[in-house]
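Novice: Below is a structure I'd like to ask you about.
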Amino acid sequence: MFDESGEVRQTEPEEAEEKKTTKAEQTPKREAEEEISLPEINFFTFVLSLSTSAMYHFGDLPDPVSQKTEKNLPAAKQTIDILDMLKEKTEGNLDDKEKELLEGILFELRMRYVKEK
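Those letters in the sequence shown? Residues 5 to 121, by my numbering.
Take a look at the structure:
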């Protein structure tokens, strides 16, 4: 970047070639990421993602990198508390299906937490 006197340093030819290679290698990865179809974000998918997070913290799902399962009950409780806060803050603004989903998930996660504790 800069030399000792603060002047812009010219990049070495080897460094420039490495940068070109790195950018070329990243292009297919970006294209692959763009092709992945993500689910629509709505109340249902949001609540389900939070419940999946709680299940991960209960040790039901493996870590995607290490493939190990690990229990983290404080994190599971925090996720349950977030869902409970969401229920309180959306009181009166949910349709019947949304309310049923949220209450059902909260019930199941709370029972699971009591069982695990």
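We treat Cβ as the ideally placed atom computed from N, Cα and C, and that holds for glycine.
Owing to the predicted nature of the structure, the values given are computational and were not obtained by experimental measurement.
Between Pro78, Phe111, Lys103, which has its C-alpha nearest Phe47's C-alpha?
Specialist: Lys103
Novice: Closer than 7 Å by C-beta to Arg114: which residues in its own chain qualify, once you throw out the five before and the five after it? Chain order, please.
Specialist: Ile84
Novice: With 16 other CB atoms within 10 Å as the buried threshold, where does Phe50 fall?
Specialist: exposed
Novice: Would you mind sorting Phe62 into buried or exposed? The rule is 16 or more other CB atoms within 10 Å of its CB.
Specialist: buried
Novice: Measuring alpha carbon to alpha carbon, tell me which of Leu110, Tyr117, Thr73 ends up nearest Ser53.
Specialist: Leu110
Novice: Lys119: which of Asp88, Ala80, Leu98 sits nearest, CA to CA?
Specialist: Minimum Cα-Cα distance from Lys119 among the listed residues Asp88, Ala80, Leu98 corresponds to Ala80.
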